[in-house]
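Below: one structure, written as structure tokens.
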Amino acid sequence: SWSSAKAVAYREMRGLSHGMGTAVTVQRMVFGNAGGLSGAGVGFTRNPSDGDPAPWVDFLFNAQGEDVVSGRRSAQGHDRLAAIAPRVWEELLEATKALERHFGDMQDFEFTVEDGKLFLLQTREGKRTPQAAARIALDMADEGLIDRDTARSRTAGLDAAALTTRVIVAEDGAAATLGHAATASSGVASGVVALNEEQVAAAEAAGKPAILARENAETHDVALID
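Structure representation (structure tokens):
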């Protein structure tokens, strides 16, 4: 995966060297595609968009991790997991609390369920919007997970303008909504609709902002989404 097109594009976007290495962890394989009460998921210990303290989870039964993150299959939220495997869901809720107690920050984690048994695969500090960063820091201070100085340090660099929310309203108030979709990035934007990379490039060449519309946001679109 180090040499995949999306990995190369990401390193070029971030100015990272292609000559670097990547850490490898060797661990026992568990199978989310074993059928029954097996599956794979990704999640955040808190909502990365608005900072809501409830965990945000995507999960697929009978799947491996790549099926969830690639966008090739439409993952479900936690509702189906909680309904079909409530014990696993309760264990996952306890795990999210343990992760935050240990690391003192919101976590982005991956997990597999094999025949009804939960396995946490990895965790890292979760990326978040400025609004979420402010709420998470203040909530964690109130909950005693971090001290006030840490909360202040995490919010000191936030731009006040980034904490506001804008809403686009038609001037005549009568514009019809043509469709709804999930966004791959936060904020408000306007532009021409582009259905593929070529149309995005053509719009940019013409000096027009473009909005990429996909049936699903996939990881190989990372250079376009950034």
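In the working numbering, each residue's number is its place in the sequence shown (first place is 1) plus 18. Think of the CB as a built atom: it goes at the ideal place given N, C-alpha and C, for glycine as much as any other residue. Note that the coordinates shown come from a computational prediction; the quantities given were computed from them, not determined experimentally.
task = Leaving aside the five residues before and after A81 along the sequence, list all residues of the same chain whose C-beta is less than 7 Å from its C-beta, in chain order.
result = Mapped onto the sequence shown, residue 81 falls at position 63. Here the set comprises G50, N51, G57, A58, R91.
request  = With a cut-off of 8 Å on the beta carbons, I'd call A150 and N65 a contact; round off their distance for me.
outcome  = Residue mapping note: residue 150 aligns to position 132 of the sequence shown, counting from 1. Residue mapping note: residue 65 aligns to position 47 of the sequence shown, counting from 1. Indeed they touch by this definition, with Cβ atoms about 7 Å apart.
request  = Determine the DSSP secondary structure at Q149, reduced to helix, strand or coil.
outcome  = Position 131 of the sequence shown holds residue 149. Residue state, collapsed to three classes: helix.
message = One question on the structure: do L163 and E112 come within less than 8 Å of each other, judged by their Cβ atoms?
response = The residue labelled residue 163 in the question sits at position 145 within the sequence shown. The residue labelled residue 112 in the question sits at position 94 within the sequence shown. No. Outside cutoff.
request  = Please report the Cβ distance between D157 and G53, rounded to the nearest whole angstrom; I am assuming they are in contact, meaning their Cβ atoms lie under 8 Å.
outcome  = Here residue 157 corresponds to residue number 139 of the sequence shown, with the count starting at 1. Here residue 53 corresponds to residue number 35 of the sequence shown, with the count starting at 1. At roughly 39 Å, the Cβ-Cβ gap does not stay under 8 Å, so D157 and G53 are not in contact.
task = Please name the residue in R184, R105, A155 whose C-alpha comes closest to that of T173.
result = Sequence index remark: in the sequence shown, residue 173 carries index 155 (1-based). Per the Cα distances, A155.
query = Going by the beta-carbon positions, is the gap between F137 and V48 smaller than 8 Å?
reply = The residue you call residue 137 lines up with position 119 of the sequence shown. The residue you call residue 48 lines up with position 30 of the sequence shown. Cβ distance < 8 Å, so F137 and V48 count as in contact.
inquiry  = I'd like to check one pair, A241 with A25: are the Cβ atoms closer than 8 Å?
reply    = Along the sequence shown, one-based indexing puts residue 25 at 7. Along the sequence shown, one-based indexing puts residue 241 at 223. Between A25 and A241, the gap from beta carbon to beta carbon reaches 8 Å or more.
inquiry  = I believe A231 touches V211 by the beta-carbon criterion, under 8 Å. Please report the beta-carbon distance rounded to the nearest angstrom.
reply    = Counted from its first residue, the sequence shown places residue 231 at position 213. Counted from its first residue, the sequence shown places residue 211 at position 193. Correct: roughly 5 Å between the Cβ atoms.
ask   = From what residue to what residue does the alpha helix (DSSP H) around E132 run?
value = Numbered from 1 along the sequence shown, position 114 holds the residue referred to as residue 132. For E132, no alpha helix (DSSP H) segment is defined; the enclosing uninterrupted segment is the beta strand (DSSP E) at 125 to 132.
task = Return the chain-ordered ranges of every alpha helix (DSSP H) run that is complete within the segment 76 to 106 and spans a minimum of 4 residues.
result = 83 to 87, 96 to 102
message = To the nearest angstrom, how far is the alpha carbon of G83 from that of G61?
response = Position 65 of the sequence shown holds residue 83. Position 43 of the sequence shown holds residue 61. One C-alpha to the other measures close to 12 Å.
message = Spatial neighbours of T183 within its chain, please: C-beta separation below 8 Å, excluding the five flanking residues on both sides.
response = On the sequence shown, residue 183 is found 165 positions in, with the first residue counted as 1. If the five residues before and after T183 are omitted, its C-beta is found closer than 8 Å to the C-beta atoms of Q149, all from its own chain and listed in chain order.
key: Cβ shell of A100 (< 6 Å), same chain only, five flanking positions each side left out   = Within the sequence shown, numbered from 1, the residue matching residue 100 stands at position 82. Only W107 meet the Cβ criterion.
key: Cβ-Cβ distance between L79 and L110 below 8 Å   = Within the sequence shown, the letter at position 61 stands for residue 79. Within the sequence shown, the letter at position 92 stands for residue 110. One detail in the question is off: residue 79 reads as Phe in this sequence, not Leu. Not a contact, by the Cβ cut-off of 8 Å.
query = Using DSSP with H/G/I as helix, E/B as strand and the rest coil, what is V45?
reply = Taking the first residue of the sequence shown as position 1, residue 45 is located at position 27. In the sequence on display, residue 45 carries Gln and not Val. Residue state, collapsed to three classes: coil.
inquiry  = Can you find the residues in the same chain that come closer than 8 Å, C-beta to C-beta, to E132, ignoring five residues on each side of it along the sequence?
reply    = Start at 1 with the first residue of the sequence shown, and residue 132 comes out as number 114. Cβ neighbours of E132 beyond the five flanking positions: V48, F49, G50, A52, S56.
request  = Could you tell me the boundaries of the beta strand (DSSP E) in which E143 lies?
outcome  = Here the question's residue 143 lines up with position 125 in the sequence shown. Run containing E143: 135 to 143, per the beta strand (DSSP E) assignment.
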